[in-house]
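Residue numbers (the working numbering): 57 to 352.
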């Protein structure tokens with residue numbers, strides 16, 4: 057099978073690339089830098105902001121995975137131009153070109169549970185709730201992802217387009233500033249820990265389960281549509297930090313919470329209902345953070 061991945065070195069793209077190697081799929085990678093952690097058949101330098109979109113590169117692929125994006129890590133201070141280009145304009149234009157070229161394969165894009173914005177609801181959100189949410193937000197990342205989701209569910213075409221909404225993904229190789237590696241590294245280095253109140257609740261899915269899910273979707277010939285990927289655990293920040301300390305045989309200090317601020321603190325509860333996808337392909341996430349913590 058031939059797979060094209062747009063966005064060559066991202067966290068999710070790397071996990072998919074490693075899985076594709078294990079399956080002996082032919083990988084065609086497109087991005088700013090050649091992949092560092094998996095093999096590939098071809099790498100093509102691509103600057104999406106400057107070079108634009110040309111779907112002819114991907115038409116021979118059985119699956120095209122759009123894994124490029126911007127804005128999810130606020131500390132990077134990426135420009136609004138880059139965020140809207142990578143998260144909305146480019147995948148929309150690629151969809152349009154694939155339709156005009158009568159593409160016959162599968163196109164994959166990703167949305168985020170953060171599209172809910174600020175909400176006081178405390179249940180697992182369905183695809184419709186994510187799509188129609190008007191929760192206020194100042195995040196250009198959230199707004200750009202909302203725009204892509206509305207397009208993905210509205211645009212008529214003949215090829216298969218899966219738009220997956222994902223919760224918080226985690227796993228070895230993720231950005232060291234994120235919660236789990238930050239906590240592990242601080243414990244290992246003897247550094248002081250600083251967290252928000254720890255009350256925010258998030259749903260978590262291990263990054264290595266996403267390519268497994270894509271394979272199941274292929275086997276089941278999943279129809280076009282928007283699908284939630286439900287993680288196996290829905291936990292507060294306090295829960296996560298506690299799990300890590302227990303796994304590392306360390307005592308959790310009580311004075312570490314409420315000593316930091318984050319932009320997403322007002323998003324109190326973010327979790328997805330994956331019933332629709334499970335009914336379609338019979339697969340759901342089952343790995344827990346404690347199962348893979350040693351991989352870090």
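Idealized CB from N, CA, C, for every residue including glycine.
1. Is residue 70 near residue 287, with beta carbons less than 9 Å apart?
2. Using 9 Å as the threshold, is the C-beta distance between residue 73 and residue 88 below it?
3. So, using beta-carbon positions, are residue 338 and residue 75 closer together than 9 Å?
4. Pick helix, strand or coil for residue 435, following the three-state DSSP scheme.
5. Taking the alpha-carbon of residue 152 as reference, which of 60, 96, 216 has the nearest alpha-carbon?
6. Is residue 110 helix, strand or coil when you go by DSSP?
7. Could you say which of 147, 248, 183, 138 lies nearest to residue 281 if we only look at CA atoms?
8. For residue 240 versus residue 352, is the C-beta spacing smaller than 9 Å?
9. If you check the beta carbons only, do residue 248 and residue 313 fall under 9 Å apart?
10. Could you tell me the distance, in whole angstroms, from the CA atom of residue 328 to the CA atom of residue 210?
11. State the beta-bridge partners of residue 289 as determined by DSSP.
12. With DSSP as the reference, identify every bridge partner of residue 58, one or two as the case may be.
13. Taking three-plus beta-carbon pairs below 8 Å as touching, is the region 142 to 149 in contact with the region 294 to 311?
14. CA-CA distance, residue 135 and residue 200?
15. Select from 289, 315, 139, 157 the residue whose C-alpha is nearest the C-alpha of residue 344.
16. Beta-carbon separation of residue 85 and residue 274 under 9 Å?
17. Report yes if the CB atom of residue 139 is closer than 9 Å to the CB atom of residue 62, and no otherwise.
18. How do the region 170 to 188 and the region 106 to 115 stand: do at least 3 beta-carbon pairs fall below 8 Å, yes or no?
19. According to DSSP, simplified to helix, strand and coil, what is residue 56?
20. Quick one: what does DSSP say residue 281 is sitting in, helix, strand or coil?
21. Spell out the partners DSSP gives residue 167 in its beta bridges.
22. Please go through the same chain and pick out, in chain order, the residues whose beta-carbon is closer than 8 Å to the beta-carbon of residue 206, but skip the five residues on each side of it.
23. Assuming the contact rule is C-beta atoms closer than 8 Å, residue 56 and residue 90 should be a hit. Round their C-beta distance to whole Å, please.
Taking the geometry as given:
1. no
2. Contact annotation: residue 73 and residue 88 have beta-carbon atoms that are not nearer than 9 Å.
3. no
4. Given a span of 57 to 352 for the chain in the structure shown, any question on residue 435 remains unanswerable.
5. 216
6. coil
7. 183
8. yes
9. no
10. 21 Å
11. 260
12. In DSSP, residue 58 forms a bridge with 82.
13. Taking 8 Å as the limit for Cβ pairs, the verdict is that the region 294 to 311 does not touch the region 142 to 149.
14. 13 Å
15. Proximity to residue 344 across 289, 315, 139, 157 peaks at 289, based on C-alpha coordinates.
16. Not in contact: residue 85 and residue 274 (Cβ atoms no closer than 9 Å).
17. no
18. no
19. Shown here, the chain extends from 57 to 352; a query on residue 56 therefore has no answer.
20. Reduced to three states, the DSSP call for residue 281 is strand.
21. 221
22. 187
23. Lying outside 57 to 352, the shown extent of the chain, residue 56 is not represented and no answer is given.
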